[in-house]
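The structure under discussion appears below in the form of C-alpha cells.
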Amino acid sequence: MRRWGIRKKVLVVTLVPTLLTTLMLGMFFTYSWVTNIESLLRDRGESLSRQLAAGAEYGLFTANRSLLSSLSNALLEEQDVRSITFFDSDGARLLHTGPGSSDTLSADQLTADQAVRILREDSTRFVTPVSLQDLMIETMLDPDARESMSRPQAPLGWVAVEMSHVRTEKETYKALLISLLLVLAGVIVSLIIALRLSRAFTDPIFELNRAVAKLKEGKLDTRIFTGAGPEFEQLESGLNAMAEELSKAQAEMQQNIDQATEDLRETLETIEIQNIELDFARKEALEASRIKSEFLANMSHEIRTPLNGIIGFTELLLKSPLPRQQRDHLSTIRKSSEILLTIINDILDFSKIEAGKLILDRVPFQLRDIVEEVMVMLAPAAHAKNLDLVPLVYNDVPDNIMGDPLRVKQVITNLVNNAIKFTQTGEVVLRASLEEDAADNNRVTLRLSITDSGVGLSRAQQQSLFNAFSQADASTARQYGGTGLGLAISKRLVEEMGGKIGLESELGKGSTFWFTLTSELSASGETVAPRDALSGERVIYLEQQKTTGLAVEHLLRDWGMTVDRVASPAAMQEQIEEAQKSQAGYALAIIGITRHVLNSSQYCALVRALEIERDCRTLLLTPTLETHDAPLSGLASGHLTKPVCRDAFYDELVLLVHGINSGGRMVLEHDRPAAPRLPAGNVPRVLAVDDNEANLKLVMTLLNDCQIEAEGAASGFEALSKARHKPFDLVFMDLQMPGMDGVETTTRLRDMDPATHRTPVIALTAHALADEQDRLIQQGFDGYMPKPISSSQLTDIIRDYTGFECGKADRHDQVRVPEIRDTRRAMRPSTRKMQQDCVSISESIQLAAGKADLAEELFSMLLEQVQSDRSRMEEFWRSGDQDGLLECVHKLHGATRYCGVPELRAAANRLETALKCSAPDLEHQKDQLVSAIERLQNWSDQTDWQQLFREQHQQAETS
Numbered sequence: 010m011r012r013w014g015i016r017k018k019v020l021v022v023t024l025v026p027t028l029l030t031t032l033m034l035g036m037f038f039t040y041s042w043v044t045n046i047e048s049l050l051r052d053r054g055e056s057l058s059r060q061l062a063a064g065a066e067y068g069l070f071t072a073n074r075s076l077l078s079s080l081s082n083a084l085l086e087e088q089d090v091r092s093i094t095f096f097d098s099d100g101a102r103l104l105h106t107g108p109g110s111s112d113t114l115s116a117d118q119l120t121a122d123q124a125v126r127i128l129r130e131d132s133t134r135f136v137t138p139v140s141l142q143d144l145m146i147e148t149m150l151d152p153d154a155r156e157s158m159s160r161p162q163a164p165l166g167w168v169a170v171e172m173s174h175v176r177t178e179k180e181t182y183k184a185l186l187i188s189l190l191l192v193l194a195g196v197i198v199s200l201i202i203a204l205r206l207s208r209a210f211t212d213p214i215f216e217l218n219r220a221v222a223k224l225k226e227g228k229l230d231t232r233i234f235t236g237a238g239p240e241f242e243q244l245e246s247g248l249n250a251m252a253e254e255l256s257k258a259q260a261e262m263q264q265n266i267d268q269a270t271e272d273l274r275e276t277l278e279t280i281e282i283q284n285i286e287l288d289f290a291r292k293e294a295l296e297a298s299r300i301k302s303e304f305l306a307n308m309s310h311e312i313r314t315p316l317n318g319i320i321g322f323t324e325l326l327l328k329s330p331l332p333r334q335q336r337d338h339l340s341t342i343r344k345s346s347e348i349l350l351t352i353i354n355d356i357l358d359f360s361k362i363e364a365g366k367l368i369l370d371r372v373p374f375q376l377r378d379i380v381e382e383v384m385v386m387l388a389p390a391a392h393a394k395n396l397d398l399v400p401l402v403y404n405d406v407p408d409n410i411m412g413d414p415l416r417v418k419q420v421i422t423n424l425v426n427n428a429i430k431f432t433q434t435g436e437v438v439l440r441a442s443l444e445e446d447a448a449d450n451n452r453v454t455l456r457l458s459i460t461d462s463g464v465g466l467s468r469a470q471q472q473s474l475f476n477a478f479s480q481a482d483a484s485t486a487r488q489y490g491g492t493g494l495g496l497a498i499s500k501r502l503v504e505e506m507g508g509k510i511g512l513e514s515e516l517g518k519g520s521t522f523w524f525t526l527t528s529e530l531s532a533s534g535e536t537v538a539p540r541d542a543l544s545g546e547r548v549i550y551l552e553q554q555k556t557t558g559l560a561v562e563h564l565l566r567d568w569g570m571t572v573d574r575v576a577s578p579a580a581m582q583e584q585i586e587e588a589q590k591s592q593a594g595y596a597l598a599i600i601g602i603t604r605h606v607l608n609s610s611q612y613c614a615l616v617r618a619l620e621i622e623r624d625c626r627t628l629l630l631t632p633t634l635e636t637h638d639a640p641l642s643g644l645a646s647g648h649l650t651k652p653v654c655r656d657a658f659y660d661e662l663v664l665l666v667h668g669i670n671s672g673g674r675m676v677l678e679h680d681r682p683a684a685p686r687l688p689a690g691n692v693p694r695v696l697a698v699d700d701n702e703a704n705l706k707l708v709m710t711l712l713n714d715c716q717i718e719a720e721g722a723a724s725g726f727e728a729l730s731k732a733r734h735k736p737f738d739l740v741f742m743d744l745q746m747p748g749m750d751g752v753e754t755t756t757r758l759r760d761m762d763p764a765t766h767r768t769p770v771i772a773l774t775a776h777a778l779a780d781e782q783d784r785l786i787q788q789g790f791d792g793y794m795p796k797p798i799s800s801s802q803l804t805d806i807i808r809d810y811t812g813f814e815c816g817k818a819d820r821h822d823q824v825r826v827p828e829i830r831d832t833r834r835a836m837r838p839s840t841r842k843m844q845q846d847c848v849s850i851s852e853s854i855q856l857a858a859g860k861a862d863l864a865e866e867l868f869s870m871l872l873e874q875v876q877s878d879r880s881r882m883e884e885f886w887r888s889g890d891q892d893g894l895l896e897c898v899h900k901l902h903g904a905t906r907y908c909g910v911p912e913l914r915a916a917a918n919r920l921e922t923a924l925k926c927s928a929p930d931l932e933h934q935k936d937q938l939v940s941a942i943e944r945l946q947n948w949s950d951q952t953d954w955q956q957l958f959r960e961q962h963q964q965a966e967t968s
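According to the numbering used here, the sequence shown is numbered sequentially starting from 10.
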C-alpha cells in the first residue's frame, strides 16, 4: 500500500467499508425474506392438512369417496396446493386429486401420532393422520369411556396435502434480485462519492506535479493556482516562491556563466600563449640537457685527463724504492685521487640515469662470485676498523641467474661500503636469501640485506636518505665524505632491474639496508664439479667472531665435514690431544683470529704445538694484513684472509687434508679470444696518440716497462705521418684532440691499412656516458680503454690484440693462470693417531752419558745426516734398489740410537724390519719415515734447540 497513489487509497478507504456494509445488510435481509417465505409455506401446508384431516374424518370413516372428492376439489382452489391424497387405515391410497406423483408412502412416513412433512425437489407433502373423535356428552361424563378414549387408537387414515414450491422460488429470486439491486445501488453511489472525493485530492496534486515537471524542464515562469483548499494553498505558495527564486538564480547563474565564458576565453588565449612559450622553453631545456651532457662528457675528459697522470705516475713511483715518508705521501695522493674519481663516477652515473640512457645487460652470472668479489674488495677497509665482515648466502639461493652483474655488484658495493663507513665497532653482515620461488615460469625473487651495528638513523633521516645529494645530516659529508648520490643511484638501479629497496634502522642500534632482485634462472650455467672430497672429514674450529664462525661452519657442513667448535686455544689443544689418544684425530685445525691477537704468544704456542708436537695441520683465518710477515703466518700450514672465498677455501682444505694441490690450472691459448699472433721473438710496435703531455708520457712509460717498442704522437697529423713511414701492430688513440680528433685520425688510418691487415685501434677517452663502446665500435675502433689508465688494463689489451705477454715473450703455447695461494712444497696430511715425541732433549743428554755439549753435537750431526738420507731414500725408492734403501735406513737407524728422537727412531726401525721381511706395506712405512724426518726438520727450524740443550746443561750443573 505504500506505493499506492492517493486516488487508489481514497477509493479503497471509501468503497471497502461501504461495500462490506451493503453486502452484510443485503445478505441479512435476503436470508430473512427467504426464511419467512419458507416458514409461511410450511405453516399453510400444516394448517390446510389439519383442516382437511378434520373435514375428512367422516368421509374416511364411511369411505365416502364423493365427500372426499368434494373436499379435495374445494381445497385445490387454495394457493400453492398442488394435489391431495387420502390413505386408508392400511396405508393404501384411497383417493388422489391433482397432478403429481401417485406413489404410495412407506410405513415410517405414515405415523399415527403426529403429522409428517416430506420434502421433495419441487414440492413439500404434509401427511396428517385422521382419527375418530367422540364428542358425545355421555361419553365425556363416563370415566371409563374417558379413560378408553385417552388411550391411543388406530387412525382412520391419512391425508397428504402437496404444496408447490413455484411461488416460493419466485419470491426467493425476487428477494435476491431486490437485494442485489440495492447493493449495486449502494456501491455505485459510494463509488461516485469516492471518485468525486479522490478527484478533489488528486487533481490538485496532478496539477502540482505538472507544474514541478515544467519547472524541471526549465520553464521557471510556471505558476500554480488550484483553489483546492488552505492546505494546498500553502503548497502552491511555496512552489511559486521556489519557482521565482529559481528564476532569479538562473538569471544570476546565466550572468555568471557569461562572465566565466568570457574569462575562460581570455584564459585560453593566455594558455595558448603560454604553450607557445613552453614549447620554446622545452626546446631550450632539451638544448640545455644536450649542453649538460656535453659538459659532463667534457668535464669527465678534463678531470680524468689530469687524474690519469696523477694516478698513473703515483703508481709508477710507488713501484720504485722510496723512503717510508715519501711512500706514505704518495699513498695519500693515490687514495685522494681514487676518491675524486669515485665522486666523478657517481655524478656521471646519476646523470646517465636521469637522462634515461641507462641500458642494463641481461647475461648469466653467479651471484656468489659477485658477493665474494665485493667482500674481498672491501675487506681491507672493514678490517682496518676491526669490523667483522661476513657474507651469508643460504643454500636455497640459486647461483646461476640472469641479469646485469656489473650493476648488481655496484649496488652491493655501495650498500656494504656505506655500512663499513658508518660502523665503528661490531660487524657488517651481508645475507642473501630466497624470498619467492615461482617454479612455473622459472623466475625467482632474491632478497639481499646488509646489516651493520653502526650509528643508525632516525625516522626523519630515513625520509630523505634515498634522495640525490642527500645524507643523514650536514656533518656526514664532512666526517665520512661522499656526494650523497650512492643510495639514489642504487635505488634507481634496483628499480630499473624490477626490484625494491628499503631500510630498517633505529638510532644508535644499527641499520639494515635491503633490496630485492627478481630474475630468471640461467639455463646455460656452468656445470660445477661436486665438492665431495672432504665428505666425512673431521675438523676443529676456533673462532672469536661469532658471525664469521657461523658462515665458515655453514660452508664446512655444506661440504659434508664434521665441525667441532672450541672457545679457547687451550680447549683446542686439549681436545686434539684427546682425539689422537683415541686414534681418531682431526684432519685439520682451523684457527680464526682477529687483528689484536696476530702477535699473541698464546696463539703462536698453539700453532707450534699443533704443527710440530701433534703433527696436525693448521689453517689460519686472519683479517686483511698489510704485510704477510706475521709470526703466525709463518708457523701455520695454511693461511687465508677473511672473509673466505669458497673456491680458495675449498682448495686450501683439500691441500691441507689430502695433500692435493688443486688451486691452479693451465689455460691453453685457444681458450682466449683470437688475437693476431706475432712471430716468435718479435716485440709488437705500438703507437700512442694523445695531445696531453702527461698522459702521453704515462702511456709511453707503461709501454716501456713492458719492454715494448713504442712511439708517441701528440696530434692526429703526427700519428698519420709516423704510420706512413712504418706499420704498427697496435694503436692507442685519444679521442679529443685539437685539429684532427681521434675519430677522423682512425678513419684515415683505416684507409692506409692493406687489404690483408687491419691495425687494431684502441680508444683512449675519459668519456663515461651511455653507449660509448657501441658508438666507438661503429666509428671504426676495435676496443675501448677508459681513463685513468692502469698498467694491468694496458697489459691485458696488448695481450688480447697482439698475443704478446709483457715480460714473457717466449711463452706462446700456454699461459699459467695465477694461483690464489703461493706455491709451496707438498703438504703432508695431519696425523690422526697418538705418536711418540718428535724430540726429547732429556733423552738426548741421557744417551750422551749426561753430557749436554756432546748431545748437542750428536743432534746437530743427525740433522745434517737426515737431509741427505732423505734424498738418497727417495732416489733408491724410485729406482727400486731395496738393498741400497736398506743400507741407508740401517745407517739412519743407527744414528737415531744416540739421539733423543723417539718418533724417527721408531719409524726407521719399522722400515728396516719391513725391508728385511719384504713386508707388503713398504710404501706406507717409507712414507711414515719421511713424515718423521719432515717433522724433525720443522721442529729444528721452528725451535731454538741449541738454547734448550744449554738450559738443560745449566740445570744439571745447578742440581
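The beta-carbon is built from N, C-alpha and C at its ideal position, and this holds for glycine as well.
The structure displayed is predicted, hence computed values, not measured ones.
Exercise for the section: Determine the closest residue to residue 927 out of 890, 961 and 950, with distance taken between C-alpha atoms. Expected result: Residue 890 is the option with its Cα nearest to residue 927.
Handout entry: Closest Cα partner of residue 694 within the set 279, 514 and 740
Key = Ranked by Cα distance from residue 694, the first of 279, 514 and 740 is 740.
Practice task
Taking 7 Å as the cut-off, decide whether the C-beta atoms of residue 35 and residue 188 are in contact.
Solution key: Residue 188 is positioned such that its CB atom lies closer than 7 Å to that of residue 35.
Exercise for the section: Would you kindly work out how many angstroms separate the C-alpha atoms of residue 482 and residue 353, rounded to a whole number? Expected result: Because the pLDDT at residue 482 is just 49, under 50, the model does not fix this residue reliably, and the point stays unresolved.
Problem - Completely contained alpha helix (DSSP H) runs for the stretch 544-626, where each covers 4 or more residues - result: Unbroken alpha helix (DSSP H) runs of no fewer than 4 residues, entirely contained in the stretch 544-626, are found at 555-567, 578-590 and 610-617, following chain order.
Practice task
Can you give me the start and stop residues for the beta strand (DSSP E) that residue 210 sits inside?
Solution key: According to the DSSP assignment, residue 210 belongs to no beta strand (DSSP E) but to the alpha helix (DSSP H) extending over 175-225.
Practice task
Would you be able to state if there are at least three C-beta pairs under 8 Å between the stretch 428-437 and the stretch 454-465?
Solution key: Segments in contact, yes.
Exercise for the section: Since I believe residue 435 is in contact with residue 517 (beta carbons under 8 Å), could you give me their beta-carbon distance rounded to a whole number of angstroms? Expected result: About 12 Å; that fails the 8 Å criterion.
Problem - Proximity to residue 29 [Cα-Cα], best of 218, 455, 702 and 195 - result: Residue 29 has its Cα closest to that of 195, out of 218, 455, 702 and 195.
Handout entry: Separation of residue 72 from residue 115, as counted between CA atoms
Key = When rounded, the distance between both Cα atoms is 22 Å.
Practice task
Assign residue 403 to buried or exposed, taking buried as 16 or more other Cβ atoms, counted over all protein chains shown, within 10 Å of its Cβ.
Solution key: Exposed: under 16 other Cβ atoms inside 10 Å.
Exercise for the section: May I ask you to report which of helix, strand or coil DSSP gives residue 126? Expected result: Here residue 126 sits in strand by DSSP.
Handout entry: Whether residue 320 touches residue 795 by CB criterion (7 Å)
Key = No, Cβ-Cβ distance for residue 320 and residue 795 is not below 7 Å.
Problem - Distance CB(residue 852)-CB(residue 893) smaller than 7 Å - result: At the C-beta level, residue 852 and residue 893 stay beyond 7 Å of one another.
Exercise for the section: Just confirm the distance between the C-beta atoms of residue 445 and residue 438, as a whole number of angstroms; I'd bet it's less than 8 Å. Expected result: Contact between residue 445 and residue 438 fails: their C-beta atoms lie close to 22 Å from each other, not under 8 Å.
Handout entry: Among 931, 598 and 913, nearest to residue 848 - alpha-carbon criterion
Key = The shortest Cα separation from residue 848 among 931, 598 and 913 belongs to 913.
Practice task
May I ask you to report which of helix, strand or coil DSSP gives residue 865?
Solution key: The answer is helix: DSSP assigns residue 865 an H, G or I state.
Handout entry: Where residue 510 sits in the DSSP three-state scheme
Key = Residue 510 falls in the strand class under three-state DSSP.
Problem - Three-way DSSP call (helix, strand, coil) for residue 407 in this model - result: Of the three classes helix, strand and coil, the one that applies to residue 407 here is coil, per DSSP.
Problem - Whole-angstrom distance between residue 524 and residue 496, CA atom to CA atom - result: So the alpha carbons of these two residues sit roughly 11 Å apart.
Exercise for the section: Can you tell me which of 581, 568, 407 and 414 puts its alpha carbon nearest to the alpha carbon of residue 532? Expected result: Cα-wise, what sits closest to residue 532 is 407.
Exercise for the section: Using the Cα positions of residue 792 and residue 785, report the straight-line distance between them to the nearest angstrom. Expected result: If you draw a straight line from the Cα of residue 792 to the Cα of residue 785, it comes to about 8 Å.
Practice task
Assuming residue 411 contacts residue 456 (C-beta within less than 8 Å), just tell me the rounded distance between them.
Solution key: Between residue 456 and residue 411 the Cβ distance is about 17 Å, and since that is not below 8 Å, they are no contact.
Exercise for the section: Starting from the C-beta of residue 604, find all residues in its chain whose C-beta is less than 7 Å away, skip the five residues before and the five after it, and write them out in chain order. Expected result: Closer than 7 Å at the Cβ level, and outside the excluded window around residue 604, lie 392, 395 and 632.
Practice task
Indicate the three-state DSSP secondary structure (helix, strand or coil) for residue 276 in the structure shown.
Solution key: DSSP places residue 276 in helix when its eight states are reduced to three.
Practice task
Going by DSSP, name the residue or residues bridged to residue 655.
Solution key: Beta-bridge pairing links residue 655 to no other residue.
Practice task
Pull up the distance between the alpha-carbon of residue 339 and that of residue 327, whole angstroms please.
Solution key: Residue 339 and residue 327 have their C-alpha atoms roughly 7 Å apart.
Exercise for the section: Sort out for me which residues DSSP pairs residue 743 with in a bridge. Expected result: Residue pairing by DSSP puts residue 743 in a beta bridge opposite 773.
Problem - Contact check, residue 401 vs residue 377, beta carbons under 7 Å - result: Between residue 401 and residue 377, the C-beta gap is not smaller than 7 Å, which leaves the two residues out of contact.
Exercise for the section: Just grab the DSSP bridge partners of residue 795 for me. Expected result: Within the DSSP bridge table, the entry for residue 795 names 774 as partners.
Exercise for the section: List the DSSP bridge partners of residue 290. Expected result: Listed as beta-bridge partners of residue 290 by DSSP are no residues whatsoever.
Practice task
Tell me whether residue 933 is buried or exposed, calling it buried when 16 or more other Cβ atoms sit within 10 Å of its Cβ.
Solution key: So residue 933 counts as exposed.
Practice task
Spatial neighbours of residue 424 within its chain, please: CB distance less than 7 Å, with the 5 preceding and 5 following residues excluded, ordered by chain position.
Solution key: So the list reads 459, 499 and 522, once near-sequence residues are dropped.
Handout entry: Rounded C-alpha distance that separates residue 729 from residue 757
Key = Answer to the nearest angstrom: the Cα atoms are 8 Å apart.
Practice task
Assess, as a yes-or-no matter, whether the stretch 49-67 is touched by the stretch 88-103 under the definition of 3 or more beta carbon pairs within less than 8 Å.
Solution key: Segments in contact, yes.
Exercise for the section: Using the Cα positions of residue 589 and residue 947, report the straight-line distance between them to the nearest angstrom. Expected result: Those two C-alpha atoms are separated by around 20 Å.
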